[in-house]
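Number 363 marks the last residue of the sequence shown (my numbering); no jumps.
Note that the Cβ used here is the ideal one computed from N, Cα and C, for glycine as well.
Only a predicted model underlies this, so the values are computations on that prediction, with no experimental measurement involved.
Structure first, then comments.
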Amino acid sequence: MSTGYPDLDGLLPRLEAIPALAAEALEAEEIAVLGRKAGALTAALKWVATLPIEERKRYGAAVNQLKARFEAAFGARRASLDTERERRERAGIDLTMPGRHRWVGAEHPVTRVVDDIIEIFRGIGFTVAVGPEVETEWYNFLALNFPADHPAMDMHDTLYLDAPPAEGEPSGRLLLRTHTSPVQIRTLLASPPPVRVVIPGMVYRNDAFDASHSPAFHQIEGLAVDEGISFVDLKATLTHFAQRFFSPSTRTRFRPSFFPFTEPSAEMDVECQLCHGSGCPACKGTGWMEILGCGMVHPAVLENCNLDSEKYTGWAFGMGPHRIAMLRYGIPDIRLLLEGDMRFLAQLAPGGQADRRAGGQ
Ligand code: PHE
């Protein structure tokens, strides 16, 4: 034809050839047909603009239709080449290579003990309270009835902070709390009785790091304050706790003790979980293991919290979940619970050998 029209029909064999093109040829062909400068169809499109209106419609529609078919064919071929490449890459995987080890995380045994303890107290109406780890002398000692010059304040071997107390804070030097008992004060000041709370948290003492001591460890405090609370409530509740936590037949005993913030004060022992009372090296032959300190909240503590000690009474306890985890799992050295050694911890994870021995689910 001498019309000068670009030959659209002549492009059809090229359209049909697209599904067989390899990646590089496909790219070159796409440029040759649709390329903005020298593409064969682009030339036809440019030609359309020069035609009179009627011609332009007819011929323009044909060019556009062909362009759409080319675009679809290029797209489809590109997609199938991609899948082919992926399949080849996948085939390159060496199935004989060792797999990547995936760690399955588990709660730390001390976290589990803390949660179990909280759950038992939650079941009998206690809620959870928390307080700051940096405390003042007033909350940590004085409000808890430690006299300012009493050697008990050294007894705790406190870690004091160099930082001065905050502006307008009359309650003395800053320190790392040596026990969770200051949260008793914070709780009673914040909400009037009836109060029944357990208080988990870290505490700090200037202690050596050895088989039975650590300068940082967990405590769980308990506090119940209401009208008409007596030592009977303390004994019954803590014995209920021990029997839920260890086993229903676990026996407890209370020995007189001293804390400035409780009167009378006691230490609670549970029957040794290893020998069940007959005496073994773990309980130094006594058949008992000490798990917590407790007592009736001292009237001076209630008064320091602006409560009428004639009207209200209460009891409190403090225990160390590390000690209890050691008892539950038969762990001889507290450092094992603080060093994060996976070879050790994996044995205590749910389903691990030591967990099964301790009757874990
Ligand atoms: N705070 C005491 C300690 O750390 C434990 C305790 C708490 C004793 C509450 C009695 C009542 O040793």
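{"Query": "Member of Asp-84, Ala-81, Glu-26, Leu-13 whose CA lies at the smallest distance from the CA of Ala-64", "Result": "Leu-13"}
{"Query": "Cβ-based neighbour list, Glu-29, same chain, cut-off 8 angstroms, excluding 5 preceding and 5 following", "Result": "none"}
{"Query": "Any beta strand (DSSP E) of 3 or more consecutive residues that is wholly inside the segment 308 to 353", "Result": "314 to 321"}
{"Query": "Simplified DSSP state of Arg-198, which is helix, strand or coil", "Result": "strand"}
{"Query": "Pro-111 (DSSP reduced to helix, strand or coil)", "Result": "helix"}
{"Query": "Environment of Gln-363 [buried if 16+ CB atoms lie within 10 Å]", "Result": "The predicted model places Gln-363 with a pLDDT of 44, which falls under 50 and marks its position as unreliable; any figure quoted below should be read in that light. It is exposed - the Cβ of Gln-363 has fewer than 16 other Cβ atoms within 10 Å."}
{"Query": "Where Glu-169 falls: helix, strand or coil (DSSP)", "Result": "coil"}
{"Query": "Neighbourhood of Val-136 by C-beta, 8 angstroms cutoff - its chain only, sequence neighbours within 5 removed", "Result": "Leu-163, Leu-176, Leu-177, Leu-178, Arg-179"}
{"Query": "Boundaries of the alpha helix (DSSP H) in which Ser-77 is found, first to last residue", "Result": "Reading off the sequence, residue 77 comes out as Gly, not Ser. It spans 55 to 93 - the alpha helix (DSSP H) in which Gly-77 sits, taken as one unbroken run."}
{"Query": "Chain-order list of residues whose beta-carbon lies under 7 angstroms from that of Ser-142 (same chain, five-residue window excluded)", "Result": "The sequence given here has Asn at residue 142, not Ser. So the qualifying residues of the chain are Leu-177, Arg-179, Thr-180, Pro-184."}
{"Query": "Which residues DSSP lists as bridging Phe-256, in chain order", "Result": "Met-270"}
{"Query": "First through last residue of the alpha helix (DSSP H) which encompasses Cys-35", "Result": "Per the sequence shown, the amino acid found at residue 35 is Val instead of Cys. Its alpha helix (DSSP H) spans residues 25 to 36."}
{"Query": "Limits of the unbroken beta strand (DSSP E) element including Thr-138", "Result": "136 to 138"}
{"Query": "Continuous alpha helix (DSSP H) stretch holding Gln-245: start and end", "Result": "233 to 247"}
{"Query": "Spatial neighbours of Arg-198 in its chain, beta-carbon cut-off 6 angstroms, leaving aside the 5 residues before and after", "Result": "Gly-127, Phe-128, Ala-226"}
{"Query": "Coarse secondary structure for Leu-10, derived from DSSP in three states", "Result": "coil"}
{"Query": "N- and C-terminal bounds of the beta strand (DSSP E) containing Trp-290", "Result": "290 to 299"}
{"Query": "Glu-121 CB to nearest heavy atom of the ligand PHE below 7 angstroms", "Result": "no"}
{"Query": "Option in Lys-313, Gly-342, Asp-84 with minimal Cα separation from Ala-24", "Result": "Asp-84"}
{"Query": "Three-pair Cβ contact test at 8 angstroms for the segment 256 to 275 versus the segment 288 to 306", "Result": "yes"}
{"Query": "Pro-266 vs Gly-297 beta-carbon contact at 8 angstroms", "Result": "yes"}
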